[in-house]
Amino acid sequence: NIGTAILANSLPKELFPTRQENELVRDTMYGFPCVIFHREKMEDTPVFYGTFMFNNDKSNSDTLGLTTEKAESWEFRNNTSDHCLFKTNDFSAAAKPEDNLEARYPDKNTDYTNIKKLYDWVVSCKDDVNKFKTEFNQHLNLEYCLNYQVLMEFAMLTDSRAKNMFLDTVDGEIWYPRFYDMDTCWGLNNEGVLSYSYDVNIHDQHGSGYVWNDRGQSVLWNLFEEAFADEIKNKYHELRKEKLTYDNLMQ
Numbered sequence: 136n137i138g139t140a141i142l143a144n145s146l147p148k149e150l151f152p153t154r155q156e157n158e159l160v161r162d163t164m165y166g167f168p169c170v171i172f173h174r175e176k177m178e179d180t181p182v183f184y185g186t187f188m189f190n191n192d193k194s195n196s197d198t199l200g201l202t203t204e205k206a207e208s209w210e211f212r213n214n215t216s217d218h219c220l221f222k223t224n225d226f227s228a229a230a231k232p233e234d235n236l237e238a239r240y241p242d243k244n245t246d247y248t249n250i251k252k253l254y255d256w257v258v259s260c261k262d263d264v265n266k267f268k269t270e271f272n273q274h275l276n277l278e279y280c281l282n283y284q285v286l287m288e289f290a291m292l293t294d295s296r297a298k299n300m301f302l303d304t305v306d307g308e309i310w311y312p313r314f315y316d317m318d319t320c321w322g323l324n325n326e327g328v329l330s331y332s333y334d335v336n337i338h339d340q341h342g343s344g345y346v347w348n349d350r351g352q353s354v355l356w357n358l359f360e361e362a363f364a365d366e367i368k369n370k371y372h373e374l375r376k377e378k379l380t381y382d383n384l385m386q
């Protein structure tokens with residue numbers, strides 16, 4: 136999880152705006168493994184308690200560079216709802232968007248004005264990939280979307296195409312997908328069982344279900360795959376030469 140998060144943080148060439156200003160800002164969590172021993176009294180023999188990861192928390196807005204006046208961060212909470220799959224732009228109270236998008240910053244934010252503008256656009260592009268590609272840079276950052284797409288498939292991040300994605304902005308206009316909770320990776324399912332071979336693809340089925348937990352239904356990412364197929368291929372080759380190398384993966 137953390138190892139893959141550290142890898143993801145190293146990928147962008149065009150950095151998240153506040154990362155450009157502060158080298159301590161990160162796109163993902165950071166941490167390190169540790170072992171903990173426990174004793175009730177100083178004279179007691181320490182007892183092994185377990186192995187853990189010591190890492191920063193997703194609510195640490197300074198670490199993630201969410202420090203501007205217009206910064207927002209929304210966490211996608213599931214793989215099946217119309218909100219998390221970009222199948223609806225209904226943010227009325229009756230649609231209960233709070234059940235599907237969790238405000239990471241500002242904490243407990245209920246103002247959906249800016250994120251709804253993104254949804255309005257994606258939904259309007261559902262059957263119009265040319266509109267999606269033409270207007271893309273008005274709404275999303277291409278570098279971050281390409282890195283997200285490539286690593287999501289390369290590392291088999293099967294629980295990251297809807298659930299666990301952060302959509303972040305510093306200006307309320309341009310959105311950046313960023314990774315969180317990357318433990319379903321490298322062939323492991325969300326129960327920690329090695330379930331998939333290295334050659335699975337995003338739209339593959341597995342038995343009676345799907346490899347990726349969004350079941351290939353994300354309107355946003357389906358449009359992105361179709362509109363930017365060549366760019367995704369080129370980004371993959373670039374990253375395999377520079378960042379997703381054997382030596383980097385083994386560090």
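Using my numbering, the final residue of the sequence shown is 386, and nothing's skipped along the way.
Note that beta-carbon positions come from the ideal geometry of N, C-alpha and C, so glycine has one too.
Within 10 Å of its beta-carbon, does residue i have 16 or more other beta-carbons around it, so buried, or fewer, so exposed?
i: Asn171; result: Note on identity: in this sequence residue 171 is Ile, with Asn being the wrong assignment. Exposed, since its Cβ has fewer than 16 Cβ neighbours within 10 Å.
i: Ala140; result: buried
i: Gly342; result: exposed
i: Glu377; result: exposed
i: Lys231; result: exposed
i: Asp365; result: exposed
i: Glu308; result: exposed
i: Met317; result: buried
i: Phe189; result: exposed
i: Asn272; result: exposed
i: Asn369; result: exposed
i: Asn276; result: buried
i: Tyr283; result: buried
i: Asp179; result: exposed
i: Met287; result: buried
i: Asn214; result: buried
i: Leu329; result: exposed
i: Tyr333; result: exposed
Residues in the same chain with beta-carbon distance under 6 Å from residue i, minus the five sequence neighbours each way, listed in chain order, please.
i: Phe211; result: Cys219, Ala297, Lys298 and Met300
i: Arg174; result: Pro181
i: Asp294; result: Thr319, Asn325 and Asn348
i: Asp306; result: Lys205
i: Ser216; result: Asn235
i: Leu355; result: Phe221 and Val257
i: Tyr371; result: Val285
Can you tell me where the beta strand (DSSP E) with residue i in it begins and where it stops?
i: Ile337; result: Where Ile337 is concerned, there is no enclosing beta strand (DSSP E), given that its DSSP letter is neither H nor E.
i: Arg313; result: Tyr311 to Phe314
i: Asn396; result: The structure shown does not extend to residue 396, since the chain spans only 136 to 386, so no value can be given for it.
i: Glu210; result: Glu207 to Phe211
i: Gly166; result: Gly166 to His173
Can you find the residues in the same chain that come closer than 7 Å, C-beta to C-beta, to residue i, ignoring five residues on each side of it along the sequence?
i: Ser353; result: Leu220, Phe221, Arg296 and Ala297
i: Glu361; result: Val264
i: Cys280; result: Pro312 and Phe359
i: Tyr184; result: Ile171, Phe172 and His173
Between which residues of its own chain and residue i is the CB-CB distance below 8 Å, once the five residues before and five after are set aside?
i: Lys251; result: Asn224 and Phe226
i: Asn157; result: Gly200
i: Asn357; result: Gly351
i: Lys148; result: Glu278
i: Lys268; result: Ala362 and Phe363
i: Gly327; result: Asp318
State yes or no: is the C-beta of residue i nearer than 7 Å to some heavy atom of the ligand SAH?
i: Asp316; result: Absence of the ligand SAH is noted for the structure shown, with no ligands found whatsoever.
Pop quiz: residue i and residue j are said to be a contact at Cβ under 8 Å. What is the actual Cβ separation, rounded to whole angstroms?
i: Leu374; j: Val285; result: 6 Å
i: Phe289; j: Leu379; result: 6 Å
i: Thr198; j: Asn191; result: 5 Å
i: Ser196; j: Tyr165; result: About 15 Å separates the two Cβ atoms, so there is no contact after all.
Check whether the Cβ of residue i lies closer than 8 Å to any Cβ atom in chain D.
i: Lys376; result: Looking for chain D here will not work: only one protein chain is present.
Which residues bound the alpha helix (DSSP H) around residue i?
i: Asp217; result: Neither: Asp217 is in no alpha helix (DSSP H) and is coded neither H nor E.
i: Glu366; result: Ala364 to Glu377
Entirely within the stretch 223-304 and at least 3 residues each: give me those beta strand (DSSP E) ranges in chain order.
-> Here the runs fully enclosed are 236-240 and 300-304.
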